[in-house]
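Enquirer: Position 93 (the sequence shown) corresponds to 93 in UniProt numbering; numbering is contiguous.
Glycine residues also receive a C-beta, built at the ideal position from the N, C-alpha and C atoms.
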Amino acid sequence: MLHRDLKSNNVLLDDDLEPRITGFGLDRVLGEASYRLSMASELSSCCYIAPEHGCNKKATDLTDVYSFGVILLELITGRPAEQPASRESVDIVKWVRRKVNTTDGSLQVLDRRISVVAQREMLRALDLALRCTSVMPQIRPAMDEVVRTLQSLYYVARPPSVLSIETSLE
């Protein structure tokens with residue numbers, strides 16, 4: 001099942017803080033033409049759209065993988081997908097790719113509030129997010145591989161007390 005509009009605003013947390021994806025089926029409710037018009041008018045969503053989807057407007061499972069990769073980058077970096085008012089007015093995918101190509105760049109993009117002991121898992125998640133946001137769809141992993149990779153990160157993670165997010169904002 002394709003979502004076609006996966007973005008952080010469509011991920012909600014339930015009472016147990018489990019993520020729930022919302023926004024399914026808007027194209028069916030609105031009709032295809034209205035749905036595309038609503039998508040085109042949402043400028044804040046453009047950084048979630050896979051490059052090939054912007055060209056041919058054909059959604060695939062790999063366009064959803066791209067969008068999920070953008071959400072994952074938001075979680076890893078602690079930054080919103082787009083920085084419209086900053087001097088670095090660039091979407092998160094471009095920003096991360098530019099940073100990771102510098103010395104210690106991968107560590108520089110991690111959210112500073114993440115504890116040092118979680119960095120190894122965060123770097124693996126960063127690698128996954130970069131694969132998900134590849135400009136070449138054939139390089140992106142299938143969503144079942146994404147799930148397996150995230151599950152493996154969860155199972156090797158330390159106890160929650162060690163992984164807690166530091167409260168100080170540096």
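If Cys132 and Val90 are in contact, beta carbons under 8 Å, what's the gap, nearest whole angstrom?
Expert: The Cβ separation is near 18 Å, so there is no contact.
Enquirer: List the whole-angstrom C-beta distance separating Leu128 from Val146, where the pair is believed to meet the contact cut-off of C-beta under 8 Å.
Expert: About 7 Å separates the two Cβ atoms, so the contact holds.
Enquirer: For Ser67, which residues of its own chain have a beta-carbon under 6 Å away from its beta-carbon, when the five flanking residues on both sides are left out?
Expert: The residues are Leu6 and Tyr48.
Enquirer: Which residues mark the beginning and the end of the alpha helix (DSSP H) in which Val96 is found?
Expert: Run containing Val96: Ile92 to Val100, per the alpha helix (DSSP H) assignment.
Enquirer: Can you give me the start and stop residues for the beta strand (DSSP E) that Val11 sits inside?
Expert: Start and end: Val11 to Leu13.
Enquirer: Closest to Val11 by C-alpha separation, out of Leu72, Ala59 and Pro51, would be which residue?
Expert: Per the Cα distances, Leu72.
Enquirer: Can you tell which of Leu107, Ser134 and Asp104 has the C-alpha that lies nearest to the C-alpha of Val93?
Expert: When each option's Cα is compared against that of Val93, the closest is Ser134.
Enquirer: Please return the same chain residues whose Cβ sits closer than 6 Å to the Cβ of Ala50, not counting the five positions on each side in sequence.
Expert: The residues are Thr63 and Tyr66.
Enquirer: Assign Glu82 to one of two classes, buried (16 or more other C-beta atoms within 10 Å of its C-beta) or exposed (fewer than that).
Expert: Glu82 is buried by the Cβ-count criterion.
Enquirer: Going by the DSSP bridge assignment, what does Arg20 pair with across the sheet?
Expert: BP columns for Arg20 point to Leu12.
Enquirer: Can you check whether the C-beta of Gln108 is within less than 8 Å of a C-beta belonging to chain D?
Expert: The question asks about chain D, but that chain is absent: this structure has only one protein chain.
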